[in-house]
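Read left to right, the sequence shown gives residues 169 to 462 (this note's numbering). Note that the Cβ used here is the ideal one computed from N, Cα and C, for glycine as well. Small disclaimer: the values here were computed from a predicted structure and weren't measured.
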Amino acid sequence: MKRISTALLSIGVIALLLAGCQGKQANQGESKEQSAKITAVGSTALQPLVEQAGATYQTKHAGIDITVQGGGSGTGLAQVSDGSVTIGNSDIFAEEKAGINAKQLVDHKVAVVAIAPVVNEKLGIKSLTQAQLKDIFTGKIKNWHAVGGPDQSITVVNRAQGSGTRQTFENLGLKTNKVMTSQEQDSSGTVQKIVRQTPGAISYLAFPYIKDGLKAVALDNVQPTTKNVLTNQWPIWSYEHAYTKGAPNYQTAKFINYLQSKDVQKTLVPKLGYIPMTQMKVERHADGSIQDVK
């Protein structure tokens, strides 16, 4: 009887030790799963949404560190492709960017952003034709007087090469990429500041950046409004893409799902000036073709 009791005691001790080890391993696994560093780089048009959503997400998920940086869509696509960042933010499809292997990337669309030509609010210009806009950015028109404005030289402010905002504006607004040589800026925030401070300046910005001191210019009597974007009546818009190299890991997928969630799409997205994809009446493909949403 004593031998049986001793044996049972030994079995019990071993069971407790095994349970302890398993519990420790489970806790270590859980801790690993709940901690992660996510780096999102690229589009400055998308940057405000990812920054604010990321800040809120971090307060709800201890151990998650989300870093958001600009640099332009080209930078985002290049860095996610080479594996140096977790998410590449882009205003353009990966297929549109030379040197990027789109087949290696997974597209996670998180919003729609519209873009409009902008001038200093004090200039007094409210509308242009598409032909006038093209002539301004190609250097044929150099004074605002030629389009009904004051006798003032035009200062063209461009985004840098590699900017998704620039590529979208040139493709869908100007319908040419053969623009005049002018000052180029790396971020939407810098463009916003320069146009606000320069009386004769013109540039282009995503809707979230069009604020006090700036005037969004209508084209061919079509106003740059969300309502007109929904039906492609205002055609200068793009998806906001959060690209990953292959399928995202667990924590990155959770954050992207949060960006696409009703909580963000119904509150933060419209609040910041973006458009929820579910509101769009049309959809655009990587080749530029448009079709009605079914």
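Notebook entry, point to check: Could you give the distance in angstroms between the alpha-carbon of T254 and the alpha-carbon of S203?
Noted result: Whole-angstrom Cα-Cα distance: 14 angstroms.
Checklist line | Among K308, S356 and P318, nearest to T349 - alpha-carbon criterion | finding: K308
Note to self: According to DSSP, L387 sits in a beta bridge with which residue or residues?
What the structure shows: Under DSSP, L387 takes part in a beta bridge, and its partners are L296 and V390.
Item checked: Whole-angstrom C-beta distance between V347 and Q353, which should lie under 8 angstroms -> That belief does not hold up - the Cβ atoms of Q353 and V347 are roughly 14 angstroms apart, past 8 angstroms.
Next item on the list: Identify, in the order they occur along the chain, each residue of the same chain with its Cβ nearer than 7 angstroms to the Cβ of S258, setting aside the five sequence neighbours on each side.
Entry: The answer, listed in chain order, is G210, S211, S241, G244, L245, G332, H409 and Y411.
Next item on the list: Evaluate P318 with the Cβ neighbour count: other Cβ atoms within 10 Å of its Cβ, from every protein chain shown; 16 or more gives buried, anything less gives exposed.
Entry: It counts as exposed.
Next item on the list: Quick one: give me the first and last residue of the alpha helix (DSSP H) that I322 is part of.
Entry: Here I322 belongs to no alpha helix (DSSP H), and DSSP marks it neither H nor E.
Check: Under the rule that 16 or more other beta-carbon atoms within 10 Å means buried, what is A415, buried or exposed?
Finding: exposed
Check: Based on the DSSP secondary-structure assignment, which residues constitute the bridge partners of P285?
Finding: Y372
Next item on the list: From the DSSP output, in three-state form, read off A402 for me.
Entry: Rather than Ala, the amino acid found at residue 402 in this sequence is Trp. Three-state DSSP puts W402 in coil, outside helix and strand.
Note to self: Pull the bridge partners of T235 from the DSSP assignment, please.
What the structure shows: T207
Checklist line | Pair within 8 angstroms by beta-carbon distance, F337 and I378 | finding: no
Check: In chain order, what residues of the same chain lie with their CB nearer than 8 angstroms to the CB of Y225, ignoring the 5 residues before and after it?
Finding: I232, I234, F423 and Y426
Checklist line | Straight-line Cα distance separating A230 from Q401 | finding: Straight-line measurement puts the Cα of A230 at about 44 angstroms from the Cα of Q401.
Next item on the list: Inspect the beta-carbon positions of T366 and N269 and report whether they are closer than 8 angstroms.
Entry: no
Checklist line | Integer Cβ distance of L382 from V397, believed to fall under 8 angstroms | finding: L382 to V397, Cβ: 18 angstroms. No contact.
Margin query: Just to confirm my understanding: we take K343, look at its own chain, exclude 5 residues before and 5 after, and list those with CB closer than 8 angstroms. What are they?
Written below: Q298 and K302
Next item on the list: Could I get the ranges of all uninterrupted beta strand (DSSP E) runs contained in the stretch 408 to 462, with 3 residues as the minimum, in chain order?
Entry: 450 to 452 and 458 to 460
Check: If you draw a straight line from the alpha carbon of H313 to that of Q300, how long is it in whole angstroms?
Finding: 12 angstroms
Next item on the list: Using a threshold of 8 angstroms, state whether the C-beta atoms of P403 and L340 are closer than that.
Entry: yes
Check: Near M445, which residues of its chain fall below 7 angstroms by C-beta distance, leaving aside the five closest residues on each side in sequence?
Finding: K277, A279 and V280
Notebook entry, point to check: Between E451 and D380, what straight-line distance do the alpha-carbon atoms span, to the nearest angstrom?
Noted result: 31 angstroms
Next item on the list: Starting from S356, follow the alpha helix (DSSP H) in both directions and report where the run begins and ends.
Entry: S356 to Q365
Next item on the list: With DSSP as the reference, please indicate the residues paired to A279 in a beta bridge.
Entry: E408
Margin query: In whole angstroms, give me the CA-to-CA distance for G191 and I206.
Written below: Because the pLDDT of G191 is 48, which lies under 50, any placement of that residue in the model is unreliable, and the question is left without a value.
Margin query: Quick check on Y372: buried or exposed, where buried means 16 or more other Cβ atoms within 10 Å of its Cβ?
Written below: The C-beta of Y372 has 16 or more other C-beta atoms within 10 Å across all chains shown, which makes the residue buried.
Check: Across which residues does DSSP place S258 in a beta bridge pair?
Finding: H409
Item checked: Residues bridged to Q335 (per DSSP) -> DSSP lists no partner for Q335.
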